[in-house]
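Asker: Next up is a structure, given as structure tokens.
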Amino acid sequence: MIKVLIVDDSAFMRKVLSDIFAAEVDFIVVDTARNGKDAVDKAKRLKPDVITMDVEMPVMDGIKALEVIMRETPTPVVMVSSLTRDGANATISALELGAVDFVAKTAGPISSVTGIRNDILIKCRAAAKVNIVRLHHTHEKPVILPSQFLTVTGDEQIVAIGTSTGGPRALQEIITRLPGNFPCGIVIVQHMPPGFTKSLADRLNSLSSITVKEAEHNDTIQPGVALIAPGDSHMTVERQGNKRVVHLNQNPPVNGHRPAVDPLFESVAQCYGKRALGVILTGMGHDGAKGIQVIKRQQGYTIAEDQSTAVVFGMPKSAIELGVIDKIVPLPSVAAEIIQIVSK
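If you count by full-length UniProt numbering, then the sequence shown holds residues 1 to 344, one letter each, in order.
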């Protein structure tokens, strides 16, 4: 049985979430809390397997409570966030501090209930299984790695990254270590709803030497610029005359996701061939495995995150099992590996 602690200042939401979990055979709600201080006390006393945490609460908000819990009684936490800009920014902070994942409340009390039901069950089941040690927040300032980039002649390279659960922290670990003179473009799919991808891009941009932005249709791929696919849009790379650009589309979800990693990786393989570097990081499910197989088939280079550091090993594992990964690398070494490959 998965023991859940529900934290929300709204009695209505506490009841709704309690009912969602009560209907499942594998969950038991051990208690509810109405503010962050209450949550910290109950987390210590009840030792739940997973906590659902509202962001905005009186006395102590969800971000502060998360910080204290991760320090004192590390427990997997799934944030329950509003779809506002402030909610998205707070959620990115929470993921940075060690929350496993988040669900976004849609507007209107009734629709939000049915809308988040499946999402919260899937994410809480996954969260209960994660190795919480991997989520510990480190306050170390990232060291930007030294690099001797050769002047790239001929066709330029590209780095394509796909990730899901645990991805924001993994991306921060990698992107903040890349030097400002990084010689190729970077394209990223992180499974996230609209709004949240913008907050993630802005946050990474503020911490990094390279430029990070949420992609817009027809953005040109440029050295030292990372483009993150916006929530609810697939992103592909296309040739346009003598340059390469990203295209956004509303095609049906792939592997249950939009944006999905597979369409990005497949387009990168077609557009760049052996000059493509595909990187698959932590995440639930198998999105990206088929796409990275296409990169490998076109003689690109492929990296998967090692199980020892992945918050959820699903996505890297699926790619590794296909036998198409050149190098399996723990997260702290991924940036150095990328630099080494593009320096060749």
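Glycine included, every Cβ here is placed at the ideal spot set by N, Cα and C.
Do V342 and V159 have their beta-carbon atoms positioned less than 8 Å apart in this structure?
Answerer: In terms of Cβ geometry, V159 and V342 form a close pair [threshold 8 Å].
Asker: By a C-beta neighbour count over all protein chains shown, 10 Å radius and 16 as the cutoff for buried, is G288 buried or exposed?
Answerer: buried
Asker: Taking all protein chains shown into account, decide if M266 is buried (16 or more other Cβ within 10 angstroms of its Cβ) or exposed.
Answerer: The sequence given here has Glu at residue 266, not Met. When all chains shown are included, E266 counts as buried.
Asker: Can at least three beta-carbon pairs, one atom from the stretch 237–249 and one from the stretch 204–212, be found at a separation below 8 Å?
Answerer: no
Asker: Please give me, in chain order, every unbroken run of the alpha helix (DSSP H) with length at least 4 that falls completely inside the UniProt domain "Response regulatory" (3–120).
Answerer: 11–22, 36–46, 62–72 and 85–97
Asker: Just the C-alpha distance for P223 and K213, rounded to the nearest angstrom, thanks.
Answerer: 13 Å
Asker: Does the beta-carbon distance from T176 to T282 come in below 8 Å?
Answerer: no
Asker: Measuring CA to CA, which of V324, D54, T91 and R117 is closest to R23?
Answerer: According to the sequence provided, residue 23 is Ala. The question's Arg does not apply to it. Nearest C-alpha to A23: R117.
Asker: Go through its chain and collect everything with a Cβ distance to I280's Cβ below 6 Å, but skip five positions before and after it.
Answerer: Counting only Cβ-Cβ distances below 6 Å, and skipping sequence neighbours, we find G162, G288, I292, A304, M315, P316 and A319.
Asker: Return yes when the Cβ of D31 is within less than 8 Å of the Cβ of residue 405, no when it is not.
Answerer: In the structure as shown, the chain begins at 1 and stops at 344. Residue 405 is therefore absent and cannot be evaluated.
Asker: Report the option in A215, I2, A170 and H257 whose CA atom is closest to the CA atom of F313.
Answerer: A170
Asker: Would you please verify whether the beta carbon of P253 is less than 8 Å from any beta carbon of chain D?
Answerer: Going by chain labels, chain D is absent from the structure shown, which holds only one protein chain.
Asker: Going by CA-CA distance only, name the one from F196, E96, K15 and D54 that's closest to S81.
Answerer: D54
Asker: Is it right to say P263 is buried, meaning 16 or more other beta carbons lie within 10 angstroms of its own, or is it exposed?
Answerer: buried
Asker: Going by C-alpha distance, which of S308, G323, T236 and G285 is nearest T302?
Answerer: Residue G323 is the option with its Cα nearest to T302.
Asker: Are the beta-carbon atoms belonging to C184 and E156 less than 8 Å from one another?
Answerer: yes
Asker: Which residues in the same chain have their Cβ closer than 6 Å to the Cβ of G273, if we skip the five residues on either side of it in sequence?
Answerer: Q298
Asker: Would you call Q190 buried or exposed, if buried means 16 or more other Cβ atoms sit within 10 Å of its Cβ?
Answerer: buried
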